[in-house]
Structures are given as C-alpha cells and as structure tokens.
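Numbering (our numbering), first residue to last: 1387 to 1649.
Structure first, then comments.
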Ligand SMILES: Nc1ncnc2c1ncn2[C@@H]1O[C@H](COP(=O)(O)OP(=O)(O)OP(=O)(O)O)[C@@H](O)[C@H]1O
Ligand SMILES: [Mg+2]
C-alpha cells in the first residue's frame, strides 16, 4: 500500500473549560514513508497534536489531512483501523493472549484465522520474539520491553498507512530502548510506513528522525532535519535544546544515529 501523507493546516485545539489553545495554529506535512519526530517539553501539546490525526481529539479550527482528505470527513472507526497507534500508558489488552493482541485489527477487518495466525507469527519474528514461545502468553507475563515490542507489532499488524507513536519507549532501559529504536527504523524503512513519533528526549529524536518538529507552548518552534536544527537553530530555545554548535553533542548525536541506523 502507498504510504500516507499527513498534513496539519493551521491545526488548533482548545480543551473544554480551558482559556488557551493546547495546540495553536500548527502547520507542517509528513511525507509518505517519512519518520517525523515531535520534540518538546511536557505539556507543549505533542500528544494532543498526535491525537488529532486519528480524531481522538477534535480541532477548534484548521484541518488535518490524511492523503489530502480532511479527517473530519472520514468515519473515525475506519480512520483508526488504517492508522497504527502506540502509547506508553494503555498498552495491551490484559485479558487477551499476545497472539490475540497482535491480531486484533486484522480480525476486526475480517481476515481468515489462517491469515491472522501467519501474520502474527511473521510480526513476532519481525520484533525479534519467538512465536512458539510468546504466542500464548498474557501481557502480565511480559517484560516492559517485550510488551512494547508487542505494542509495535499490534500497531503495524494490518499494514497501516500511517503510524502514530506517543513516547512508546519511555519505560524501558537504555539497552532495550536502543534495540527497539533500531527495529523501528528498520521496520519503517522496510514497510515505508509514514510515522509520527512523539518524544521529549532530544537524543532519541536525533537517533530516529528524518525530520524533527520542535514544539513549544502548542506551537511549532522549528521544523527541519536533525543536523539542520543543530547547525541553524531558528530561536534561542532550539539552540539550547539541541546544544547547537557544541561539538561534543554533535558527535554524541551522530553516534546515536549511527547506532540505530546501521544496517
Ligand atoms: N483532556 C484534557 N483536558 C484538558 N486539558 C488537557 C487535556 N489533555 C491535555 N491537556 C492540556 O493540554 C496541554 C498539552 O497537553 P499534551 O498532553 O498534549 O502535552 P504533551 O506535550 O504530550 O506533554 P507530555 O510530554 O507531558 O506528555 C497541557 O497544558 C495539558 O494540561
Ligand atoms: Mg504526551
């Protein structure tokens, strides 16, 4: 399937009972197959912006377009089936096996049991978990890192056109985190899935991103390729955030990028 494009066009969100916009007039585009990282401090509106794409949060004004179509025109259930979504907090369905978790969207889409089983096994291998060992486990019998892998497998099970990831690797240790970052980069490159990835971790953003969108107070501070931000920060805020011009950080970020992108 052709990877989706996602376009924010003056997208603005205000939560009920709030007197300010959580997201204010955001415009940028995520190209087909591109991995864009939303980077910014707690409360700056990253999750809110992400959730406008699958219509978990409504816009006050502006638009979000997936493949040129305003998501407000689309059936939300169908929209969500076509877009993988991974979050840290909610995670997996506790009462279902790993196989049932991974197969949940294919089964909603009416795939045959044989197709689903084959796909589940293929995905478990893709995220480096042995199907015979993990298929029948419950989420309570998984480590944090394993659960995150299953979360990623579930999100891409039905070959979504786009993937939304909200701080998916926050709760795992550095080693597992690097492994998951490598897998993500590999999977996105292989499947050419358009991906919007939220993090507040600058190092993680430099490791993963084709482009980084820096947010602050609900607005886009700067968007560009990682080392473009580093070489030419548009504002003092970005300069400080990415440690612009500091050679030690340049090497550190470059090394991290190499680590997850090495084939
Ligand atoms: N359901 C809600 N109702 C009212 N206000 C909300 C709601 N969800 C978020 N907010 C507010 O909107 C702003 C943006 O929140 P959001 O969750 O998008 O930030 P974030 O960048 O994802 O932060 P974090 O890194 O902590 O997850 C914050 O001021 C937050 O308090
Ligand atoms: Mg958030």
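Glycine residues also receive a C-beta, built at the ideal position from the N, C-alpha and C atoms.
None of the values given here were measured: they were computed from a predicted structure.
- [ ] Quickly, what does DSSP pair residue 1415 with across the bridge? List them, please.
- [x] Working through the chain shown from its first residue, we reach residue 1415 at position 29. Residue 1415 pairs with 1393.
Task: Any beta strand (DSSP E) of 3 or more consecutive residues that is wholly inside the stretch 1498-1563 - done: The stretch 1498-1563 contains these whole beta strand (DSSP E) runs: 1548-1552.
Open item on the list: Among the candidates 1559, 1430, 1459 and 1469, whose CA atom is the shortest distance from the CA of residue 1391?
Closed with: Numbered from its first residue, the chain shown carries residue 1391 at position 5. Looking only at 1559, 1430, 1459 and 1469, the smallest Cα-Cα distance to residue 1391 is reached by 1469.
TODO: Quick one: using the 10 Å Cβ neighbour count with 16 as the cut-off for buried, is residue 1447 buried or exposed?
DONE: As a position in the chain shown, residue 1447 is number 61, starting the count at 1. Residue environment: residue 1447 is assigned as exposed (fewer than 16 neighbouring CB atoms within 10 Å of its CB, all protein chains considered).
Task: Which of helix, strand or coil DSSP assigns to residue 1607 - done: Numbered from its first residue, the chain shown carries residue 1607 at position 221. Note: residue 1607 maps to strand in three-state DSSP.
Open item on the list: Are the CB atoms of residue 1583 and residue 1612 within a distance shorter than 8 Å?
Closed with: Within the chain shown, numbered from 1, the residue matching residue 1612 stands at position 226. Within the chain shown, numbered from 1, the residue matching residue 1583 stands at position 197. For residue 1612 and residue 1583, no; Cβs fall outside 8 Å.
Open item on the list: Can you tell me whether residue 1434 sits near ligand 1, meaning its C-beta is under 7 Å from at least one heavy atom of the ligand?
Closed with: Residue mapping note: residue 1434 aligns to position 48 of the chain shown, counting from 1. Flag set: Cβ of residue 1434 near ligand 1.
Open item on the list: Quick check on the DSSP output: the beta strand (DSSP E) that includes residue 1616 runs from which residue to which?
Closed with: On the chain shown, residue 1616 is found 230 positions in, with the first residue counted as 1. It is not in any beta strand (DSSP E) - residue 1616 instead sits in the alpha helix (DSSP H) that spans 1612-1617.
Open item on the list: So, does the stretch 1451-1463 touch the stretch 1603-1619, judging by three or more C-beta pairs under 8 Å?
Closed with: A contact between stretches requires three or more CB pairs, one per stretch, nearer than 8 Å, and the stretch 1451-1463 fails this requirement with the stretch 1603-1619.
Task: Cβ neighbours of residue 1589 in the same chain (closer than 6 Å, five flanking residues each side left out) - done: Indexing the chain shown from 1 puts residue 1589 at position 203. In the same chain as residue 1589, and ignoring 5 residues on each side of it, the C-beta atoms closer than 6 Å to its own belong to 1642, in chain order.
TODO: Consider the C-beta atom of residue 1603 and the heavy atoms of ligand 2; say whether any pair is separated by less than 7 Å.
DONE: By 1-based counting over the chain shown, the position of residue 1603 is 217. False, no ligand heavy atom lies under 7 Å from that Cβ.
Open item on the list: Am I right that residue 1472 and residue 1541 are in contact with their C-beta atoms under 8 Å? What's the rounded C-beta distance?
Closed with: Sequence index remark: in the chain shown, residue 1472 carries index 86 (1-based). Sequence index remark: in the chain shown, residue 1541 carries index 155 (1-based). Yes, they are in contact, since the Cβ atoms of residue 1472 and residue 1541 sit about 5 Å apart, within 8 Å.
Open item on the list: Please state whether the Cβ-Cβ distance between residue 1546 and residue 1533 is less than 8 Å.
Closed with: Within the chain shown, the letter at position 160 stands for residue 1546. Within the chain shown, the letter at position 147 stands for residue 1533. For the pair residue 1546 and residue 1533, the CB atoms are not nearer than the 8 Å cut-off.
- [ ] Please go through the same chain and pick out, in chain order, the residues whose beta-carbon is closer than 7 Å to the beta-carbon of residue 1507, but skip the five residues on each side of it.
- [x] Position 121 of the chain shown, counted from the first residue, corresponds to residue 1507. Once the five neighbours on either side are set aside, the close Cβ partners of residue 1507 are 1517.
- [ ] Pick out whichever of 1488, 1512, 1538 and 1413 has its Cα sitting closest to the Cα of residue 1523.
- [x] Numbered from 1 along the chain shown, position 137 holds the residue referred to as residue 1523. Nearest to residue 1523 by alpha-carbon distance, out of 1488, 1512, 1538 and 1413, is 1488.
TODO: List the endpoints of the continuous alpha helix (DSSP H) containing residue 1491.
DONE: Here residue 1491 refers to the residue found at position 105 when the chain shown is read from its first residue. Element bounds for residue 1491: 1490-1494.
Task: Contact test: residue 1584 Cβ vs ligand 2 heavy atom, cutoff 7 Å - done: The residue given as residue 1584 occupies position 198 in the chain shown. At least one heavy atom of ligand 2 is nearer than 7 Å to the Cβ of residue 1584, so yes.
TODO: Look at residue 1521 and residue 1485 and say whether their C-beta atoms are less than 8 Å apart.
DONE: Here residue 1521 refers to the residue found at position 135 of the chain shown. Here residue 1485 refers to the residue found at position 99 of the chain shown. Against a cut-off of 8 Å, the Cβ pair of residue 1485 and residue 1521 comes out as a contact.
Task: beta-carbon residue 1552 near ligand 2 non-hydrogen atom, thresh 7 Å - done: Along the chain shown, one-based indexing puts residue 1552 at 166. Proximity of the beta carbon of residue 1552 to ligand 2 is indicated: a heavy atom of the ligand is located closer than 7 Å.
Task: Nearest candidate by alpha-carbon position, reference residue 1491, set 1465, 1576, 1515 and 1481 - done: Residue mapping note: residue 1491 aligns to position 105 of the chain shown, counting from 1. Closest by alpha carbon: 1465.
TODO: Could you tell me whether any non-hydrogen atom of ligand 1 is closer than 7 Å to the CB of residue 1447?
DONE: For this step, residue 1447 is matched to residue 61 along the chain shown. Result no, Cβ not under 7 Å from ligand 1.
Task: Whole-angstrom distance between residue 1617 and residue 1441, CA atom to CA atom - done: As a working note, residue 1441 is residue 55 in the chain shown. As a working note, residue 1617 is residue 231 in the chain shown. Residue 1441 and residue 1617: Cα-Cα distance of roughly 35 Å.
Task: Spatial neighbours of residue 1647 in its chain, beta-carbon cut-off 7 Å, leaving aside the 5 residues before and after - done: Residue 1647 sits at position 261 when you count from the first residue of the chain shown. Sequence-distant partners of residue 1647 (beyond 5 residues in either direction) whose C-beta falls short of 7 Å from its own C-beta, in its chain, are 1571.
- [ ] Ignore the nearest five residues each way along the sequence and tell me which others in residue 1563's own chain have a CB closer than 7 Å to its CB.
- [x] On the chain shown, residue 1563 is found 177 positions in, with the first residue counted as 1. Excluding residues up to 5 positions away in sequence, 1555 lie with their Cβ nearer than 7 Å to the Cβ of residue 1563 in the same chain.
Task: Same chain, Cβ closer than 6 Å to residue 1576, five either side skipped, listed in chain order - done: Start at 1 with the first residue of the chain shown, and residue 1576 comes out as number 190. If we look at residue 1576 and ignore the five residues flanking it on each side, it has no Cβ neighbours.
- [ ] State the Cα-Cα distance for the pair residue 1509 and residue 1622, rounded to the nearest angstrom.
- [x] Sequence index remark: in the chain shown, residue 1509 carries index 123 (1-based). Sequence index remark: in the chain shown, residue 1622 carries index 236 (1-based). Within the model, the alpha-carbon separation for residue 1509 versus residue 1622 is close to 43 Å.
Task: Cβ-Cβ separation, residue 1561 to residue 1535 (assumed contact under 8 Å), whole Å - done: Taking the first residue of the chain shown as position 1, residue 1535 is located at position 149. Taking the first residue of the chain shown as position 1, residue 1561 is located at position 175. The pair is not a contact, with the Cβ atoms about 14 Å apart (cut-off 8 Å).
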